[in-house]
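Engineer: One structure follows; several queries about it will come next.
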Amino acid sequence: MINKGYSFEDRIFSNDEAIYVNDESSSVFNIFRMLSGTVNIKDEYSENVSRLSKNYYSLPYEIITEDRPDIILDIFSDSSDELSLEELMNTLIKIKRNNKKFYENLESEFVNCIVANENKKYLESFIFLYRILEGMSYSVPLMYTAKSNDFNKSFSELKKFIGKGESEGEIAFFKKFISEIYKGEEFFGSTMDINIDEVEVEDLKSVYYQIYKEKIKEKNILSESEDDEIKVKFLGFYEFLVEIRNRYFHFLQGTWQKYTYK
Amino acid sequence: MNILDIEFDDVVSGLVAIGSATYSYTYEKLIPLIDTAEFQRKLQDVAFYKKLERDFVDGCVIPPITVAFVTNDVNKDSTKDNVSEYINNNINNAFVLDGIQRLNTLSRIQEKEGFDHNKKMYINYIFCESIEKLLYRMITLNNGQRPMTPRHQVEAIMRNLFDFNDIGISVVSEKDAQKGQSKTFKKADIVQAYLAFMADKAMIDNKKIISEKMDELLVKNIMSDTPSNFNVEFKTVLYAIKKFQEKDNSSKWLLLVNNLVGFSVGMRHSSDEILEQTAEQFSSRVEIFESAFKGLNTSKIKVGKIRRELSCEYFTHFNKYKDLNEDDLLECFSEFTA
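Heads up: the protein sequence lines correspond to chains G and S, in order. As numbered in our numbering, residues 94 to 355 make up the first sequence, in order. As numbered in our numbering, residues 2 to 339 make up the second sequence, in order.
In structure tokens:
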């Protein structure tokens, strides 16, 4: 077995259950369980254990206070559908073998992203998040279309995702994919809220507020309270992520800069 | 401006009066009192106040605002006439304790066509000699107003305004529910149905979003509707349930929360057509619905959602579907879920 430099501890399921996470579990499960915040990740060198605490399947995220199998079941339950653990496992087991390599690559990115986030190293976390975004922005729409029941339809769907302009890259492709596929879902209509009230220094609140206001496109803001909160539309937040990333990595070159220094 | 009644508040030791005034009086006298800096600051939740603007123009009566005076001239012994006179002479020294956002909205709609400037609104006046006591009242008024969730509000309304025995259906709270009790609804299910009915939307429950966000979406949905569009009351839905639950299969069918929710939303749109049905007819429709539903290729994971959406679609456009046989209905269902 390859030494990955980290290992998982399952907080909910035990050895004999099909979605148990350990050193040999498949990457797709590992990622799934990390995002549900129900495992611990141990750094094999420093021996530090990070207890993941956020369930990202309940948007934007939910803090896990108690480890229960229901957390996992709820992810797949719609309305009051009662799903048993056994039924869930039977479904999940089928995806275990697909796209193995792809998930393996993503797994370590997710470990880095989530562990950094838990340790409040947000910049580090953001960088890995962006790598993940780039890593899946092309593959996920393809995987989705490949599962389609009707190839006729999948062709026209795929065409919708691919932009007309030549310069549009994978990131724009993924954005179109999200908006085409999920526009009817509730979460698509929800907002991501930037809570400026959490800025501890009173005088800096309006400074941060202004910065956010400048960097988020007006059309992506659903509502706002001055110096307090900005509610960003779901897909608008995606654009905002891209915007931050571009500015962070291209600080000096960009033509977007208002002021140029001579 | 008119004083309707007065009473002494022993806690802040000040006289409290309730009066009425027209919107134009309020606009002229009270809006200048608000510090302009304060006025333009922090307009909370634009969507919500847009809705309030519309309601203003449509002629709603807003909840009273509260205006305060720091004075000894009005006290325990003052009469309504004294109070009225004092307000007229000293309105420039008043300040607005509660209702700044409402006044803000009022000032924005002055020019709007159809706005009735002579409509009355109610104003609470507080006369108090101590600034600290007023501050105490202001803080108690403005804080602790964490909004009630829509679910909570529906529960409160149901507890007080619906008599299920009277309507003729049996409803129990979760803890009283016994397995296998026939024709008995769970309260939580009825609450869900009512919320969906108000939001005009079958999917109101979604574990993929935190409940706080879901509530926001729900409120947005309910607020985008105008109350004058509520042609069908939820009571009508309950009467329909009472009528149709006579048949065992219909009763069983309606007891499933996903069906109940879809049915309730559908009733908003086709109540006449649905109520025309006899219990027997309804029972056979439900049977056809079920056989068609069984023909769908649904994975366990999505079956609840699809059931809810289809029962909503079926009853919303009841006339279109009611005479179809099993096969034709299945075809419609597959198309709808594709």
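Idealized CB from N, CA, C, for every residue including glycine. Note that the coordinates shown come from a computational prediction; the quantities given were computed from them, not determined experimentally.
Have a look at S146/G and S312/S and give me their C-alpha separation to the nearest angstrom.
Structural biologist: As a working mapping, residue 146/G is identified with position 53 in the first sequence. As a working mapping, residue 312/S is identified with position 311 in the second sequence. About 38 Å.
Engineer: Report whether the distance from the Cβ of S292/S to the nearest heavy atom of the ligand PLP is below 7 Å.
Structural biologist: The ligand PLP is not among the ligands present in this structure, which contains no ligands whatsoever.
Engineer: If you count every other CB in all the chains shown that lies within 10 Å of the CB of R144/G, and 16 or more means buried, which is it?
Structural biologist: Translated into positions along the first sequence, residue 144/G becomes position 51. Its Cβ having fewer than 16 others within 10 Å, R144/G is exposed.
Engineer: Determine the direct distance from the alpha carbon of L104/S to that of Q41/S, and round the result to whole angstroms.
Structural biologist: The residue labelled residue 41/S in the question sits at position 40 within the second sequence. The residue labelled residue 104/S in the question sits at position 103 within the second sequence. For Q41/S, the pLDDT reaches just 48, beneath the cut-off of 50, and the residue's location in the model is therefore unreliable, leaving the point undetermined.
Engineer: Is G267/S near Y315/S, with beta carbons less than 8 Å apart?
Structural biologist: Against the second sequence, residue 267/S aligns to sequence position 266. Against the second sequence, residue 315/S aligns to sequence position 314. Yes, Cβ-Cβ distance for G267/S and Y315/S is below 8 Å.
Engineer: Quick one: grab the DSSP three-state call for F202/S.
Structural biologist: What you label residue 202/S is simply residue 201 of the second sequence in a count that begins at 1. The sequence given here places Lys at residue 202/S; Phe does not occur at that position. Judged by DSSP in its simplified three-state form, K202/S adopts coil rather than helix or strand.
Engineer: Let me make sure I understand the geometry here. Which of S272/G, I188/G, M236/G and K240/G has the alpha-carbon closest to that of K253/G?
Structural biologist: Here residue 253/G refers to the residue found at position 160 of the first sequence. Taking K253/G as reference, the option from S272/G, I188/G, M236/G and K240/G with the minimal CA-CA separation is S272/G.
Engineer: Output needed in chain order: residues of the stretch 294-306 of chain S with a Cβ under 8 Å from some Cβ in chain G.
Structural biologist: S300, K301, I302, K303, V304, G305 and K306
Engineer: Just the Cα atoms here: how many angstroms apart are S249/G and I211/S?
Structural biologist: Reading the first sequence from its first residue, position 156 is the one you call residue 249/G. Reading the second sequence from its first residue, position 210 is the one you call residue 211/S. Their Cα atoms are separated by approximately 33 Å.
Engineer: Find the residues of chain S that neighbour F254/G, judging by a C-beta separation of less than 8 Å, and give them in chain order.
Structural biologist: The sequence position of residue 254/G within the first sequence is 161, counting from 1. Result: empty, since nearest Cβ-Cβ is about 19 Å, beyond 8 Å.
Engineer: Name the DSSP bridge partner or partners of D6/S?
Structural biologist: On the second sequence, position 5 is the one that residue 6/S refers to. According to DSSP, D6/S bridges with I19/S.
Engineer: Am I right that I124/G and E217/G are in contact with their C-beta atoms under 8 Å? What's the rounded C-beta distance?
Structural biologist: Taking the first residue of the first sequence as 1, we reach residue 124/G at position 31. Taking the first residue of the first sequence as 1, we reach residue 217/G at position 124. 19 Å between Cβ atoms; not a contact.
Engineer: For I210/S, decide whether its Cβ has a neighbour in chain G, counting only Cβ atoms nearer than 8 Å.
Structural biologist: Here the question's residue 210/S lines up with position 209 in the second sequence. By this cut-off, I210/S is an interface position.
Engineer: Within 10 angstroms of its Cβ, does F342/G collect 16 or more other Cβ (buried), or is it exposed?
Structural biologist: Residue mapping note: residue 342/G aligns to position 249 of the first sequence, counting from 1. Classification for F342/G: exposed.
Engineer: Quick one: what's S318/G bridged to in DSSP?
Structural biologist: Taking the first residue of the first sequence as 1, we reach residue 318/G at position 225. BP columns for S318/G point to E322/G.
Engineer: Since F280/G meets chain S, which of its residues come closer than 7 Å, beta carbon to beta carbon?
Structural biologist: Numbered from its first residue, the first sequence carries residue 280/G at position 187. Per Cβ cutoff of 7 Å: K209 and I210.
Engineer: Under 7 Å Cβ to Cβ from E336/G, same chain only, skipping five residues before and after it: list those, please.
Structural biologist: Position 243 of the first sequence, counted from the start, is the residue given in the question as residue 336/G. Excluding positions up to five away in sequence, the list reads K308.
Engineer: For the beta strand (DSSP E) containing A69/S, list its first residue and its last residue.
Structural biologist: The residue labelled residue 69/S in the question sits at position 68 within the second sequence. Element bounds for A69/S: I66 to V71.
Engineer: Output needed for G115/S: all residues of its chain with C-beta closer than 7 Å, excluding positions within five of it in sequence on either side, in chain order.
Structural biologist: Residue mapping note: residue 115/S aligns to position 114 of the second sequence, counting from 1. V58, listed in sequence order.
Engineer: Give a yes or no on whether 8 Å exceeds the smallest Cβ distance from K253/S to chain G.
Structural biologist: For the purposes of this step, residue 253/S is taken as residue 252 along the second sequence, with counting starting at 1. Interface annotation, K253/S: not in contact with chain G, CB-CB separation never under 8 Å.
Engineer: Going by DSSP in three states, F147/G sits in which element: helix, strand or coil?
Structural biologist: Numbered from its first residue, the first sequence carries residue 147/G at position 54. It is Lys, not Phe, that sits at residue 147/G in the sequence shown. In the three-state reduction of the DSSP assignment, K147/G falls in the strand class, which pools E and B.
Engineer: Roughly how many whole angstroms lie between the Cα atoms of F267/G and T238/G?
Structural biologist: If you number the first sequence from 1, residue 267/G lands on position 174. If you number the first sequence from 1, residue 238/G lands on position 145. For F267/G and T238/G, the distance between alpha carbons rounds to 13 Å.
Engineer: Quick one, which of I140/S, I7/S and D36/S has its alpha-carbon nearest N93/S's?
Structural biologist: For the purposes of this step, residue 93/S is taken as residue 92 along the second sequence, with counting starting at 1. Cα-wise, what sits closest to N93/S is D36/S.
Engineer: Are the C-beta of E117/G and some C-beta of chain S separated by less than 8 Å?
Structural biologist: Working through the first sequence from its first residue, we reach residue 117/G at position 24. Not closer than 8 Å to any Cβ of chain S, the Cβ of E117/G fails to qualify, so no.
Engineer: Distance cutoff 8 Å, beta carbons only. Does L218/S sit that close to anything in chain G?
Structural biologist: One-based indexing of the second sequence puts residue 218/S at position 217. Yes, L218/S counts as interfacial toward chain G.
Engineer: If the cut is a Cβ gap below 7 Å, which residues of chain G does K214/S touch?
Structural biologist: The residue labelled residue 214/S in the question sits at position 213 within the second sequence. Going along chain G in sequence order, the residues near K214/S (Cβ under 7 Å) are L152 and S283.
Engineer: Is it the case that the Cβ atoms of A192/S and E156/S are separated by a distance below 8 Å?
Structural biologist: As a first step, residue 192/S is located in the second sequence; it is residue number 191 there, counting from the start. As a first step, residue 156/S is located in the second sequence; it is residue number 155 there, counting from the start. According to the sequence shown, residue 192/S is Val rather than Ala. The Cβ atoms of V192/S and E156/S lie closer than 8 Å to each other.
Engineer: Let me know if A200/S comes out buried or exposed under the rule of 16 or more other beta-carbons within 10 Å of its beta-carbon.
Structural biologist: Locating residue 200/S in the second sequence gives position 199, counting from the first residue. Counting every other CB atom within 10 Å of its CB across the protein chains shown gives A200/S a total of 16 or more, marking it as buried.
Engineer: In angstroms with no decimal places, state the Cα-to-Cα distance between I314/G and S272/S.
Structural biologist: Start at 1 with the first residue of the first sequence, and residue 314/G comes out as number 221. Start at 1 with the first residue of the second sequence, and residue 272/S comes out as number 271. Whole-angstrom Cα-Cα distance: 39 Å.
Engineer: Excluding the 5 residues preceding and the 5 following T317/S in the sequence, name in chain order all residues of the same chain whose CB lies nearer than 6 Å to its CB.
Structural biologist: For this step, residue 317/S is matched to residue 316 along the second sequence. Closer than 6 Å at Cβ, skipping near neighbours: G267 and H270.
Engineer: Which ranges does the alpha helix (DSSP H) cover as unbroken runs of at least 4 residues, wholly within the stretch 127-158 of chain S, from first to last along the chain?
Structural biologist: 132-143
Engineer: Cβ atoms of E281/S and K248/S: under 8 Å apart, would you say?
Structural biologist: Here the question's residue 248/S lines up with position 247 in the second sequence. Here the question's residue 281/S lines up with position 280 in the second sequence. Contact: yes.
Engineer: So which residues on chain S does D167/G lean against when the C-beta distance must stay under 8 Å?
Structural biologist: For the purposes of this step, residue 167/G is taken as the residue at position 74 of the first sequence. Simply K208.
Engineer: For the stretch 291-303 of chain S and the stretch 318-331 of chain S, state whether three or more C-beta atom pairs, one from each stretch, are separated by less than 8 Å.
Structural biologist: Yes, since at least three Cβ pairs between the stretch 291-303 of chain S and the stretch 318-331 of chain S fall closer than 8 Å, the two stretches touch.
Engineer: Quick check on D103/G: does DSSP put it in helix, strand or coil?
Structural biologist: In the first sequence, counting from the first residue as 1, residue 103/G sits at position 10. Reduced to three states, the DSSP call for D103/G is strand.
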